[in-house]
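Q: Before I ask anything, here is the structure I am working with.
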Amino acid sequence: MHRPPSTLTRRKFLRGSAAAFAGGSLFRPGRACADDYHDIPLGERPTQAPGLEILNPRGRVPASFIIDDSTCLVNMGKFCMPQFAEAWPDRAEYKKDWKSWPDEIPDSFVRTFAEWCQDRGVKGKYSIVPYPAMVGWVDREMPGWSRAELRASVAYVRDVMAADWDIHPEMITHTRIIDTRTGRALPQKDDGTYWMENGGWTPGKSVDELANYIAYALNILKNAGFHCDGATTPGGFGNGAIVNLSQAMGEAIQSVYKVDLPHYFKYLDLDKSGSTAPRVEHVSGLKTGNPNAIVNVLGGTGDWFGGWDGVSAGDVAESVDKFINADATSGRMVEMIEKGDPAVFLCHWAGMYHNGDLTGFRIFQQVVDRVIAAYKPRIHWMKLSEIARYQAARELTAIEALDGGFQLDAPYPCPAFTVRLPLASDKAPAILPVRDRIPPSLREVATKESLVPNTWLREGDHVTLCFDLPKGETVVTAN
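Add 535 to the 1-based position in the sequence shown for our numbering, that's all there is to it.
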């Protein structure tokens, strides 16, 4: 029997009875849309004096790629399908010839994908499902593969990909709900179906119950040597308990990894009138020097690649155009970039591989090439954790007006923090010494595209500064 890892949360988990797993109605699996999260409390916000405008990092639009349903070796499209079919027997989408599909998405494809992205600067989030469809454990054994193969697969993601990709657990199995006391799936329900992570188990669950479940997933990845600043929900996980889910994400991630600013991915905003800006939730302790927050990072597209199952790609040209057409005049990526919102698009890993014909990957390549051709000087590829940190600094940094400048008091440090403020004289702007901190020297650049940390740009009667924002006080002046 698998012996579960320690899953302590910051608040002691006290509920260990079977009642912790009872109740809840059957939810159809699927990723929640934007309207679902507006009841989640945002918490505290500081005073921000007018006059200093916080821009996007380096004055560019953040861009990021979310990869769901990925793990080491296992083709999740194949092994999820029969379990989904048993849980939702009336759904036609699960009645497919999954036995003919390959068991594996090979590491050779992972390497091809990662190297292609690295050459173009693409960054984002890559899931590692810890106990993928109950096939095996990424920190122990994966039946069907040798230990050496599993170790090599884990090592490539951990030691190479993680430089450009946040690693998230996508809960524990992505299929059946696990009893964290035993490591075994919950029994069948009375109607013969099953408790599933994609929907039905979470309604009414407390913060502690959810945090315990999330921490269990995180601990498996920690055992395998992964670092996680965030976590991803499989489809409908958390539906019916979204306020508690947000808080539980923060508690679980901080308890297992001690990160200062956790984040999570669950929601999509596909409406051009909406916003893909992350939501900084449950903020407290801004004036204590030990703040708490959780950042809800949003996706902005559907999966128009190869589908979650790896057999559902549509017409390649039409799929590419949904993201960005040939002259960059339409498509969801165009809408987000032109608006200045984070351009976050997503896929499911089985669809990228598409059972070996790589249809989803070919769509992805064309989308990225078009985005770079049209927008390279205007976008900044970032991991989800980097987008989350920037948004937290943007919203939670207190701003006080001074004579000829501004004092910033940041609860979180943030690279490439970029601000615009009035130019009061012909003198170059500066970051002034605060206490024992030696401020950086700023170098003037001639174009917005040249902004990097420790540079500034003159724009009429304003200047734009880009610098690495430290935690605590910073004084900027343009006098």
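Glycine included, C-beta positions come from ideal geometry on N, C-alpha and C.
Mind checking whether P597 and P877 have CB atoms under 7 Å apart?
A: Working through the sequence shown from its first residue, we reach residue 597 at position 62. Working through the sequence shown from its first residue, we reach residue 877 at position 342. Yes, the Cβ-Cβ distance between P597 and P877 is below 7 Å.
Q: For L881 versus I640, is the C-beta distance shorter than 7 Å?
A: As a position in the sequence shown, residue 881 is number 346, starting the count at 1. As a position in the sequence shown, residue 640 is number 105, starting the count at 1. No.
Q: Below 7 Å between beta carbons: does that hold for G895 and F840?
A: Within the sequence shown, numbered from 1, the residue matching residue 895 stands at position 360. Within the sequence shown, numbered from 1, the residue matching residue 840 stands at position 305. Cβ atoms of G895 and F840: closer than 7 Å.
Q: Going by DSSP in three states, A936 sits in which element: helix, strand or coil?
A: On the sequence shown, residue 936 is found 401 positions in, with the first residue counted as 1. Correct three-state label for A936: strand.
Q: Hey, is R719's beta-carbon within less than 7 Å of any beta-carbon in chain C?
A: Of the chains in the structure shown, none is chain C; there is only one protein chain.
Q: Less than 8 Å between the CB atoms is what I'm expecting for I872 and V902, so what's the real figure, rounded?
A: The residue given as residue 872 occupies position 337 in the sequence shown. The residue given as residue 902 occupies position 367 in the sequence shown. Actually they do not touch by this definition, with Cβ atoms about 12 Å apart.
Q: My understanding is that K918 touches D603, with C-beta atoms under 8 Å, so please give their C-beta distance in whole angstroms.
A: Here residue 918 refers to the residue found at position 383 of the sequence shown. Here residue 603 refers to the residue found at position 68 of the sequence shown. That belief does not hold up - the Cβ atoms of K918 and D603 are roughly 15 Å apart, past 8 Å.
Q: Using beta-carbon positions only, say whether E705 and V664 come within less than 7 Å of one another.
A: Counted from its first residue, the sequence shown places residue 705 at position 170. Counted from its first residue, the sequence shown places residue 664 at position 129. Yes, they are a contact pair.
Q: Are there 16 or more other CB atoms within 10 angstroms of the CB of R563, so buried, or fewer, so exposed?
A: Position 28 of the sequence shown, counted from the start, is the residue given in the question as residue 563. Interpretation of R563 is limited by its pLDDT of 39, a score under 50 that renders its predicted location unreliable; the figure taken from the coordinates is listed afterwards. When all chains shown are included, R563 counts as exposed.
Q: Ignoring anything shorter than 3 residues, give me the beta strand (DSSP E) runs that lie fully in the region 935–1013, in order along the chain.
A: Within the region 935–1013, the complete beta strand (DSSP E) segments of 3 residues or longer fall at 940–945, 949–957, 965–967, 978–980, 990–994, 997–1004, 1007–1012, listed in chain order.
Q: Check each candidate in V609, V657, K822 and name the one with the smallest Cα separation from W636.
A: Your numbering for residue 636 matches position 101 in the sequence shown. The shortest C-alpha separation from W636 is found at V609.
Q: Can you list, in chain order, the residues of its chain whose CB lies under 7 Å from that of P974, leaving out five sequence neighbours each side?
A: Position 439 of the sequence shown holds residue 974. Correct list, in chain order: I966, L967, P968.
Q: Tell me which residues share the same chain as K613 and place their Cβ nearer than 6 Å to its Cβ, disregarding the 5 neighbours each side in the sequence.
A: The residue labelled residue 613 in the question sits at position 78 within the sequence shown. So the list reads W633, W636, once near-sequence residues are dropped.
Q: Counting pairs of beta carbons, one from the region 823–842 and one from the region 804–813, are three or more of them closer than 8 Å?
A: By the Cβ test, the region 823–842 is in contact with the region 804–813, since at least three Cβ pairs between them sit closer than 8 Å.
Q: Does the beta-carbon distance from S605 to S662 come in below 7 Å?
A: Residue mapping note: residue 605 aligns to position 70 of the sequence shown, counting from 1. Residue mapping note: residue 662 aligns to position 127 of the sequence shown, counting from 1. Yes, the Cβ-Cβ distance between S605 and S662 is below 7 Å.
Q: Roughly how many whole angstroms lie between the Cα atoms of T717 and G679?
A: As a working mapping, residue 717 is identified with position 182 in the sequence shown. As a working mapping, residue 679 is identified with position 144 in the sequence shown. Each residue's alpha carbon lies about 23 Å from the other.
Q: Write down every uninterrupted run of the alpha helix (DSSP H) in the region 855–925 whose length is 4 residues or greater and which is fully enclosed by it, in chain order.
A: 867–874, 884–888, 894–910
Q: So, L590 versus T953, is the Cβ gap smaller than 7 Å?
A: As a position in the sequence shown, residue 590 is number 55, starting the count at 1. As a position in the sequence shown, residue 953 is number 418, starting the count at 1. Closer than 7 Å, so yes.
Q: Return the residue from the list Y792, V791, T823, L803 that minimises the CA-CA distance to D571.
A: Taking the first residue of the sequence shown as 1, we reach residue 571 at position 36. Nearest of Y792, V791, T823, L803 to D571, Cα basis: L803.
Q: D714: which of W736, V1010, D694 sits nearest, CA to CA?
A: If you number the sequence shown from 1, residue 714 lands on position 179. With distances taken between Cα atoms, D714 lies closest to W736.
Q: Rounded to whole angstroms, what is the Cα-Cα separation between A627 and P617?
A: In the sequence shown, residue 627 corresponds to position 92, counting from 1. In the sequence shown, residue 617 corresponds to position 82, counting from 1. Answer to the nearest angstrom: the Cα atoms are 12 Å apart.
Q: How far does the alpha helix (DSSP H) with P617 in it reach, from first residue to last?
A: Working through the sequence shown from its first residue, we reach residue 617 at position 82. Where P617 is concerned, the enclosing alpha helix (DSSP H) starts and stops at 611–622.
Q: Count the other CB atoms, across all protein chains shown, that sit within 10 Å of the CB of H997; report buried if there are 16 or more and exposed otherwise.
A: Along the sequence shown, read from residue 1 onward, the residue named residue 997 stands at position 462. Classification for H997: exposed.
Q: Thinking C-beta only, is F1002 closer than 7 Å to N1014?
A: Along the sequence shown, read from residue 1 onward, the residue named residue 1014 stands at position 479. Along the sequence shown, read from residue 1 onward, the residue named residue 1002 stands at position 467. No, Cβ-Cβ distance for N1014 and F1002 is not below 7 Å.
Q: For L745, I'd like the list of residues in its chain whose CB is within less than 6 Å of its CB, leaving aside the five on either flank, ordered along the chain.
A: Stepping through the sequence shown from its first residue, residue 745 is reached at position 210. Here L745 has N779, L780, A783 as same chain residues with Cβ atoms under 6 Å from its own Cβ, once five neighbours each way along the sequence are excluded.
Q: In the DSSP assignment, what residue or residues form a beta bridge with Q583?
A: Taking the sequence shown and counting its residues from 1, one reaches residue 583 at position 48. Answer is I934, bridged to Q583.
Q: Assuming S643 is part of the alpha helix (DSSP H), what are its boundary residues?
A: Indexing the sequence shown from 1 puts residue 643 at position 108. From DSSP, the alpha helix (DSSP H) with S643 extends over 642–655.
Q: In chain order, which alpha helix (DSSP H) runs of at least 4 residues are fully inside the region 691–777?
A: 742–758
Q: Given N963, which residues of its chain have a CB within under 8 Å of its CB, disregarding the five upstream and five downstream residues?
A: Position 428 of the sequence shown, counting from 1, holds the residue named residue 963. Just to set this straight, residue 963 is Ala in the shown sequence, not Asn. Contacts found: L977, E979, W991.
Q: Drop a sphere of 10 angstroms on the beta-carbon of D961, count the other beta-carbons inside from all chains shown, and report buried for 16 or more, exposed for fewer.
A: Within the sequence shown, numbered from 1, the residue matching residue 961 stands at position 426. So D961 counts as exposed.
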